[in-house]
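Trainee: So that we are looking at the same thing, I have put the structure below in structure tokens.
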DNA sequence: AAACACGGCAACCGCTACCCT
DNA sequence: CAGGGTAGCGGTTGCCGTGTT
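Numbering (our numbering), first residue to last: 72 to 211.
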């Protein structure tokens, strides 16, 4: 399948890889991520295994839409902590840093992440962006 | 019905901090 | 105390699904 120059797989994880990783974590526990690919028999780098576990496979992860309470908390924490996603995620049970970051980038940073691709859709001074920002701050 | 544009999510990359020798 | 290696974090990118024209 696809692989990088050093022979490690990249891209989307398969169900088989998920199973192997989950089994490995069950058996050995979290940590020693550089050893996980060897233990699990995965052709992935340790960083990738950690990311997959943290963002997707952890049993405590809550998936789906953010509740209004969670959004409210997210906004307050972001105001307080800035882009410290891991800290914010730590205060939101069941949410991961990547989750929180993606949600923020999608719903509150409006033009920032997509501007590179679709500059024509809105400018830096776009009223959409400012209204989003106002919305995100006014709730505080 | 097909093509195009946009939104959302999963994953990768590079940098920094921390720990061990 | 210094150096090397590993873990963790944040930013960015690419892909896929959905909506619109």
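We put the beta carbon where it would ideally sit given N, CA and C, even for glycine.
As the structure is a prediction and not an experimental result, all values here were calculated from the model.
Just confirm the distance between the C-beta atoms of residue 104 and residue 118, as a whole number of angstroms; I'd bet it's less than 8 Å.
Mentor: Position 33 of the first chain, counted from the start, is the residue given in the question as residue 104. Position 47 of the first chain, counted from the start, is the residue given in the question as residue 118. About 7 Å separates the two Cβ atoms, so the contact holds.
Trainee: Count the other C-beta atoms from every protein chain shown that fall within 10 angstroms of the C-beta of residue 90, then say buried if there are 16 or more, exposed otherwise.
Mentor: As a first step, residue 90 is located in the first chain; it is residue number 19 there, counting from the start. By the neighbour-count rule (16 or more Cβ atoms within 10 Å), residue 90 is not buried but exposed.
Trainee: Measure the C-alpha to C-alpha separation of residue 186 and residue 178 and round it to an integer number of angstroms.
Mentor: On the first chain, position 115 is the one that residue 186 refers to. On the first chain, position 107 is the one that residue 178 refers to. For residue 186, the predicted structure reports a pLDDT of 39, less than 50, and the residue's modelled location is therefore unreliable. The matter cannot be settled from this model.
Trainee: Go through its chain and collect everything with a Cβ distance to residue 128's Cβ below 7 Å, but skip five positions before and after it.
Mentor: The residue given as residue 128 occupies position 57 in the first chain. Closer than 7 Å at the Cβ level, and outside the excluded window around residue 128, lie 89, 92 and 93.
Trainee: Cβ atoms of residue 108 and residue 120: under 8 Å apart, would you say?
Mentor: As a working note, residue 120 is residue 49 in the first chain. As a working note, residue 108 is residue 37 in the first chain. Contact: yes.
Trainee: Are the CB atoms of residue 142 and residue 159 nearer to each other than 8 Å?
Mentor: Residue 142 sits at position 71 when you count from the first residue of the first chain. Residue 159 sits at position 88 when you count from the first residue of the first chain. No; because the gap between Cβ atoms is not below 8 Å, this pair is not in contact.
Trainee: Pick helix, strand or coil for residue 130, following the three-state DSSP scheme.
Mentor: Taking the first residue of the first chain as position 1, residue 130 is located at position 59. The answer is coil: DSSP assigns residue 130 none of H, G, I, E or B.
Trainee: Would residue 162 and residue 146 be called neighbours here (beta carbons separated by less than 8 Å)?
Mentor: Numbered from 1 along the first chain, position 91 holds the residue referred to as residue 162. Numbered from 1 along the first chain, position 75 holds the residue referred to as residue 146. No, these two residues do not count as a Cβ contact at 8 Å.
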